[in-house]
Amino acid sequence: MPNTGRPSKDCHLCRKRRVKCDLGRPGCTRCVKYGVECPGYRDLQDLLFRNGHPGPSQKKQQARRTRARSGSRGSGLPDHGLGSSITRLSSPGVEEKSVTVAPWLGQQLGQHWTAQSVPIIFDICSDVHFLIKEYSRAPATDGPLYWATHLFSRAYLTNVIQSTAGRAGSDGERKRELALYFDGTLRSVARELEKPGAAFRNDLLAAIWVFSNYELLVGKAGSQKKSRWCLHTRGLYSMMQARGIGVLSSRMARFSFWPCFNMIQVEALANNRECPPETESWLAAISAAMYPREAYILPASIFITHATRLLARTHGILQGRDVDGAARELFSLADELAAAEEEMKRSVAANGRSHEAHDFDFSIYTLVCSSQIQTHHSLALLANFVRHYAQRHSHSMDDLDGMRQHCLGKMQAAAQRIIDSIPRFLGDMSPQAPRGRHLFMASLNIMRPITIVYRARSMLPAQGEAARRVLEFMAREAGLHQALCELSELVGVSDEAPLDRAQSGGAVESR
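So that you can map any letter, position 64 of the sequence shown is 64 in full-length UniProt numbering, and since no number is skipped, the others follow by simple counting.
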């Protein structure tokens, strides 16, 4: 690369190799092509020219500031003292030159980054109404909500705004700061949970919600059952369990209930477990006094609860290798799923509210689609399992193949609905398009459905490729490093008892 005399903005590896860098965040794609992790970029402060010996420069700056102050007093203008550009007004016919003083070029502001933590949350989570309201009600600025806010904002700044490496020593400094605020958040939450009435404190509930989203922001490879995100989600459930159904009569309690309950349902789907036993009583209490904005969320949540119950049953049968139970319950489980889908459609039509009405409704709609993919996939696995033991049941091979074909069609249709909803969440994904301030929350809402589409082996190749591009976009532009973990954890599994290619059209081929 030619030496232009300007500091290069390229990443460390591209500068070392002297090749063109695409400046992608959090890492450039050229490094990915080399098969290595991008080491990141230099800090913006390192791209500014400075004097090697600051002593003479400071004397010149002080002299310029003195002249600027005397000139401003002579003209009757106020002395700002900020080193900004000051233009003296001139009378007609008299030329006056502008005096421009910029002594602070290249110097960092003295404001600590924690001063911007709450504004960052306000900017990217403005649709989460219960969270925004809690900052004005929090008892102290050093409580768990503010600790969690500082932790989340520091990780967000690192992932989205700042480079992944920065100047020498800055990466270690950021890691130390994250460790400090992570430990402080844990201690603050644990201390407040020991106090009487902690379960009824909305600021504590909001702190755990922010803490859970921090785990998705930084990403955690490995089993979902061992992730800290699941632990925080179960902490949310413990608080909601202690509150009971009495608090659901207030409107403000509903605002805090739905984001937390949505996270609990996602955790149940991720681990093939049933929703908590209190779910039916919670939803029944809401159904008895439903607000208009809950007309779609409520029936959709009831369906997702049915889906988790069905997933838990099929998962238990497959783990226990219960051939007789699989043959006995296969078609009854399929009928139960179809009945739950029809009941949801009927309730939504009766309530007169579409999933298009609000962004949160739309995110629940995509979660419904992902739960349909999971449940039909589990039924297809169950049919495949029964097919291997033809001597132990009376089902015909045609019926089992028909069940698998039906499940395959349902899965691909639900996946296409998720793919079609991407523009609603992420907008224009082209590199030139501006990024909206709600990109993080939109990415958070669609990450689970997109991950299901990417991981399901029965999707069409075009659907899997579209899901992969979306996960990469969310990791690069929204800073959700959990999306990178989802991409890295996909492993190949050999197909078992494949369908006839003439019947399936090759749709079950591995990507």
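We put the beta carbon where it would ideally sit given N, CA and C, even for glycine.
Of the residues assessed, Leu330 falls on the buried side of the cut-off, its CB having 16 or more other CB atoms within 10 angstroms. In the DSSP assignment, Arg234 falls within the alpha helix (DSSP H) that extends over Arg228 to Arg243.
Pairing Val453 with Leu487, the inter-Cα distance amounts to about 12 Å. Sixteen is the threshold: when 16 or more other Cβ atoms of the shown chains lie within 10 Å of the Cβ of Ser301, as they do, the residue is buried.
Taking 8 Å as the upper bound for CB-CB distance, Ser256 and Leu205 are in contact here, some 6 Å apart. Burial is judged here by how many other beta carbons sit within 10 angstroms of a residue's own beta carbon; Ser126 has fewer than 16 and is exposed. The three-state secondary structure of Val19, taken from DSSP, is coil. Here Glu267 has Cys230 and Thr233 as same chain residues with Cβ atoms under 7 Å from its own Cβ, once five neighbours each way along the sequence are excluded. For Arg25, the closest alpha carbon among the candidates His481, Ala483, Cys485 and Glu477 is that of Glu477.
As the crow flies, the alpha-carbon of Pro449 is around 10 Å from that of Ala414.
Boundaries of the alpha helix (DSSP H) harbouring Pro449: Leu439 to Arg455, taken from the DSSP string. With fewer than 16 neighbouring CB atoms inside 10 Å of its own CB, Pro431 falls in the exposed class. Judged by DSSP secondary structure, Pro299 falls within the alpha helix (DSSP H) whose first and last residues are Ile297 to Gln319. The Cβ atoms of His306 and Ala340 lie closer than 7 Å to each other. The C-beta distance from Lys9 to Tyr34 rounds to 19 Å, too long to meet the 8 Å contact threshold. A direct Cα-to-Cα measurement between Leu444 and Gly325 gives close to 38 Å. Rounded to the nearest whole angstrom, the CA to CA distance from Thr279 to Ala442 is 26 Å.
It is roughly 12 Å from the alpha-carbon of Lys133 to the alpha-carbon of Ile121. Inclusion of Ala295 and Arg353 in the CB contact set at 7 Å is warranted, their separation being smaller than that value.
Pairing Leu311 with Ser378 gives a Cβ-Cβ distance under 7 Å. When the alpha-carbon of Ala475 is set against those of Gly27, Arg6 and Cys11, the nearest one is in Gly27. Judged by DSSP in its simplified three-state form, Tyr34 adopts helix. DSSP places Thr141 outside both helix and strand once states are collapsed to three, so it counts as coil.
When secondary structure is reduced to three states using DSSP, Leu460 falls in the coil class, being assigned neither helix nor strand.
Around the beta carbon of Met459, a 10 Å sphere encloses 16 or more other beta carbons of the protein chains shown; the residue is thus reported as buried.
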